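What follows is a short report on a single structure.
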Amino acid sequence: MRSLMTGNYASAYGAKLSRAEVIAAYPITPQTSIVEKLAEFVSTGELNAKFVPVESEHSAMAACIAAETAGARTYTATSSHGLTLMHEVLMWASGARLPIVMTNVSRAMAPPWSVWVDHMDSIAQRDTGWLQFFCQSNQEVLDTIIMAYKICESKGVMLPAMIIEDAFILSHTSEPVDIPDQEMVDSFLPAYAPEFKIEVGKPMGFGSLVKPDQYMEFRYKAMLGMKAAHDRILRVEQEFKQVFGREHGGLLELYRCENAEVVLLTAGSVAATAKDVVDSMRSKGVPVGLARVRAFRPFPHDEIRALGSRVAGLGVLDRSYTFGAAGAMFSEVKASLYNCPKRPVTKNYIAGLGGRDITPKTIERVFEDIQLVTKRGEESEVEWVDVAGLPRWWR
Amino acid sequence: MGFEVSAFPFFGVERRGAPVTAYARIDDKPIRIKSSIYEPDYVVVLDNSLLRGVDVLEGLKPQGRALINYPDGRKLEGLDKRFRYFVLDATSIAAAHGIGSQTAPIVNTAMMGGFVKMCDIISLDAMLESIRQNAPVKEEENVSAAKEAYERTKEVQP
Amino acid sequence: MAKTTIPEEEFTYPGSTGCPGCGANLVMRYLLKALGERTIVSIPACCWAVMPGYWPSNCLKVPILYTAFEATGAAISGLRAALDIKGIKDVNIVGFAGDGGTVDIGLQAMSGAAERRTEAIYVMYDNEAYMNTGIQRSGSTPWGAWTTTTPVGTTHDFKHEAKKDIMAIMQAHRIPYAATVSIAHPEDFIKKIQKAKGIRGFKFIHAMSPCPPGWRLNPMLSVEAARLAVETHMFPLYEIEHGRVRITRKGKGLPVSEYLKLQGRFSHLSESEISEIQSAVDASWRYLEEEEKYAAQAGINE
Amino acid sequence: MTKSYEEIPLTPIADMPSTMNITGLWRVIRPVVDKKKCKKCTICWKFCPDAAIVLVEGVPEIDFRFCKGCGICSHECPSKCIVMVKEGSD
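Chain order of the listed sequences is A, B, C and D.
In this text, residue positions in the first sequence follow the working numbering: the first is 1, and each later residue adds one.
In this text, residue positions in the second sequence follow the working numbering: the first is 1001, and each later residue adds one.
In this text, residue positions in the third sequence follow the working numbering: the first is 2001, and each later residue adds one.
In this text, residue positions in the fourth sequence follow the working numbering: the first is 3001, and each later residue adds one.
Right, dumping it as structure tokens:
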């Protein structure tokens, strides 16, 4: 059924269709309508789940961890300060190998207070052992939640996943979304049947103390899980396509990159706008393309190497910044390319922090800059875009 | 049926009563662009008190159209001649149909009827059906308000 | 065969890595004797997070869900939600945390679990400081005590702040049952746990748990110290059932010095400081008696 | 002994009884029970933090694999039939 809905409702429908059994959540702008909708689904009986009204995001994740350990499929949603408050228990969820799925409505961190989009909150969780999917449309949000359960619950993976939805730009924007039939989702995503769970009668301690002589082997296994997630993401998406007729681009979506001289690589909703820019520049005969990092964890190193070896210039637009370094995605891209025999010129653009709009015009200027840099080289490797006081980039 | 849409509010933290802005795009192909709208084809003003103090027509394309909720019998004056104006007494219509309260009628559906008249791209029947399906309460009252609004919307010279 | 005064069946294995004379070992032993096998215990960071031993050792005959320091209240809510949705009934869910993990860093999550009316028993084993990290003061450390962060040096210092009254905090949550228990009175301990088990909702147990290294106490005197805490009214035994206070053991009302003198952590206290403690203890005891009297007068006790 | 990553579970799930820890090795003083004086009150058993006392016909049998020598049994025994002696002496 096609329906007009916000990204937040798409998240709520994703969790409902996946038959989440325990939902523990705490309200934060702009995530609230996700949990309001889920609370409504539970109260009307449309979703057979337990809604745990916790007193903080930390408790939301801790409750999900406990419930998931007991074999329940769990879901939660948060944003910015809520996500960063969870940081400790995010690590716990992955270390405990629990395939929890969560929506993060990506929002800037304070101060300055801001309820608007950027990716600082999500990027700051990149080392927590969670799969991270950046979405560009509400349809993708809904579909990725369903896929994420299937990916994460598979035996070789057993790690949690974060579905990242840009604050307001997706969370509060209404778009047509196809709501799949429950029966089709049920056939695609069977009930959660973990290999291990906490049960009375089985006196086992979950998450116990491990000495240095054994700790690394557990971490190594988590690494293998994340590594296995790469192929699993691709496989599950192909299965999804067979059932629902849609796909979203694997780990790295390429848009009109064939014969492109320069490519802009980015993540999240800005990629959707950039596709329009690519179309318009291509129609004028300018050979540009777009690469969208859909999975930030696991990072698509191989895909980026393959792309990098066939383009002359690769710009990276980060909607976050790692102070003292560069955009996190840029650093990852550069690291991927270092050992390639043939490498493109790269440059990092920091844009759209705290909800600053990234317009088609800005993206076009970024493309022009990449072209220029590719031709004549550039001294500045990282550039902040659309910042008042920086005349080159200001309006 | 046949248009793609994308609708979003300006994402503010304003409390009840403060002016708010919302945007919509309508297209016959899927809409990907996520940035704000700076050069609209149409502007819809739900509360004419905004005509004082807020540049509601900022960015409107030349010959772009504005629909303004404006009381009958008062003349709309002193507006930019580059644009076309449509007026509609949505407040009275909504109140007459019992939508919202008498002191604070909810004008949205009446304005939607007016928008159909102004834009010439959406059929009235499609709009009325959409209102019928989506109005949370008083479906028929909303439908008849939109219908009346459609009929009473008229273009004026500023 | 002689008849034992508490259930014979053990739900703890020997080989826990608690210190010799550890009160917290007894708290767990009695708790599980009262609850039995159909129990899941959630344990945050605290002595008991390491006492079951290094992986793969577990000294309990019931499952343990380890959790983050501040998260016990949330963990038991999550566990209960999962069991409920799976239709698994008749399971005792226990949150088992130290004093720091309860009155300090875990207070918020526990308050949340109590407010949510999570069906669980929350046990705080109170050794009156952060013992697992090496005797740092907590909100539950009593006035006058030495700890490594309230060192007694040349300026003759010690903890100058009163112990948080966690029972009053829990009473204010309007939970159906809260009780204090002591390892010196296992029969009373087990009776209260069994009572808690039979009451629906969130139940709170405050267990006095002597810590020989942290209290500078001869391990042999661990139970004795707990006994004297009751006899001196430093740690009265009582329960609060639906708001009604009932003292379950009057105690002899011995001078507090009898309790304090066993422990090196109080050895620096002067006569006048000890009498300050005595006055505070007497006042608390009178208040408790008044509360009990009020409940009795109102005709709601029994 | 460090196990290969292939031999361990995904996450540390502890499923072995703690009797694998021979905590009796920690002991510096040991309880000696005078079984003739024992009144079979079971108090020593009741207060053992390590559950290292087994009752045999009501008389305590100390499991020295796990007794840490805290001495609570000795102090609590109303008949004074348990004495603590230095480990290594008779």
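Glycine included, C-beta positions come from ideal geometry on N, C-alpha and C.
Just so it is clear, the structure is predicted and the values come from calculations on it, not from any experiment.
Which of helix, strand or coil DSSP assigns to A:Thr266: strand
Residue from C:Trp2146, C:Lys2061, C:Asn2058 whose Cα sits closest to the Cα of C:Glu2161: C:Trp2146
Rounded distance between the beta-carbons of A:Val316 and A:Val262, thought under 8 angstroms: With a Cβ gap of about 12 angstroms, A:Val262 and A:Val316 do not count as contacting.
Supposed contact pair A:Ala167 and A:Arg107 - C-beta distance, whole angstroms, cut 8 angstroms: Going by Cβ atoms, the distance from A:Arg107 to A:Ala167 rounds to 4 angstroms, so yes, they are a contact pair.
Residue from B:Phe1115, B:Gly1078, B:Phe1083, B:Gly1064 with nearest C-alpha to B:Asp1089: B:Phe1115
Strand pairing of C:Ala2120, partner residues [DSSP]: C:Phe2202
Residue range of the unbroken alpha helix (DSSP H) whose run includes B:Asn1069: Unbroken run through B:Asn1069 is the beta strand (DSSP E), 1065 to 1069; no alpha helix (DSSP H).
Inter-stretch contact (C-beta, 8 angstroms, three-pair minimum) for the region 3051 to 3061 of chain D and the region 2004 to 2022 of chain C: Using a Cβ-Cβ distance cut-off of 8 angstroms, the region 3051 to 3061 of chain D and the region 2004 to 2022 of chain C are in contact, since at least three pairs of beta carbons, one from each stretch, lie closer than that value.
Partner residues on chain A for D:Thr3002, Cβ-Cβ distance less than 8 angstroms: Asp213, Gln214, Glu217
Contact list for the region 2019 to 2032 of chain C against chain D, Cβ threshold 7 angstroms: Pro2020, Gly2021, Cys2022, Asn2025, Leu2026, Arg2029
Whole beta strand (DSSP E) elements within the region 2098 to 2149 of chain C, 3-residue minimum: 2120 to 2126
Contacting positions in the region 3005 to 3019 of chain D - beta carbon closer than 8 angstroms to chain A: Tyr3005, Ile3008, Pro3009, Leu3010, Thr3011, Pro3012, Ile3013, Ala3014, Asp3015
Limits of the unbroken beta strand (DSSP E) element including A:Val316: Note, A:Val316: beta strand (DSSP E), 313 to 318.
Short CB-CB distance (under 8 angstroms) between A:Glu378 and chain B: no
Closer than 8 angstroms to chain A by CB, B:Ala1007: Yes, B:Ala1007 lies at the interface with chain A (some Cβ there is under 8 angstroms from its Cβ).
Three or more C-beta pairs below 8 angstroms linking the region 2081 to 2100 of chain C and the region 2124 to 2134 of chain C: yes
Neighbourhood of A:Gln371 by C-beta distance below 6 angstroms, restricted to the same chain and skipping five residues each side: Val262
7 angstroms Cβ shell around C:Ile2175 - same chain, five flanking residues per side excluded: Ala2114, Gly2201, Phe2202, Lys2203, Phe2204
Alpha helix (DSSP H) runs contained entirely in the region 2156 to 2238 of chain C, provided each spans 4 or more residues: Listed in chain order, the complete alpha helix (DSSP H) runs (minimum 4 residues) inside the region 2156 to 2238 of chain C are 2166 to 2171, 2186 to 2197, 2212 to 2215, 2222 to 2231.
Residue-level contact to chain D via CB, C:Thr2017, 8 angstroms cutoff: yes
Residue-chain proximity (A:Val42, chain G), Cβ-Cβ < 8 angstroms: No chain G appears in this structure, whose protein chains are A, B, C and D.
Integer-rounded CB distance, given that A:Ala295 should sit under 8 angstroms from A:Leu254: Their Cβ separation, rounded to whole angstroms, is 14 angstroms, which puts A:Leu254 and A:Ala295 out of contact at 8 angstroms.
Nearest-angstrom Cα separation, counted from B:Arg1084 out to B:Arg1025: For B:Arg1025 and B:Arg1084, the distance between alpha carbons rounds to 20 angstroms.
Stretch pair the region 204 to 216 of chain A + the region 272 to 286 of chain A: three plus CB contacts closer than 8 angstroms: no
Given A:Gln31 as reference, the closest of A:Met102, A:Leu251, A:Leu17, A:Ser94 once Cα atoms are compared: The candidate whose alpha carbon is nearest that of A:Gln31 is A:Met102.
Cβ-heavy atom distance, B:Gly1064 to the ligand ATP, below 7 angstroms: Questions concerning the ligand ATP fall outside what the structure shown contains, since it holds no ligand whatsoever.
As assigned by DSSP and simplified to three states, the class of A:Met204: coil
Per-residue burial, A:Ala335 [other beta carbons within 10 Å of its own, 16 or more giving buried]: Answer is exposed; the Cβ neighbour count stays below 16.
C:Glu2008 to C:Leu2032 span [Cα, whole Å]: For C:Glu2008 and C:Leu2032, the distance between alpha carbons rounds to 11 angstroms.
is_contact[C:Val2062, chain A] using C-beta, thresh 8 angstroms: Closer than 8 angstroms: yes.
A:Thr69: contacting residues in chain C (beta-carbon distance under 7 angstroms): Leu2065
Cα-Cα separation between C:Phe2158 and C:Cys2019, rounded to whole angstroms: One Cα belongs to C:Phe2158, the other to C:Cys2019, and the distance between them is close to 25 angstroms.
Chain C residues whose Cβ lies nearer than 7 angstroms to that of A:Cys64: Gly2078
Reduced DSSP secondary structure (H/G/I, E/B, other) of C:Asn2301: In this predicted model, C:Asn2301 has a pLDDT of only 44, less than 50, meaning its place in the structure is not dependable; the value taken from the coordinates is given anyway. In this structure, C:Asn2301 counts as coil in the three-state DSSP scheme.
Min CB distance A:Leu209 to chain C below 8 angstroms: yes
Cβ distance (whole Å) where A:Ser94 is taken to contact A:Leu159 below 8 angstroms: 5 angstroms
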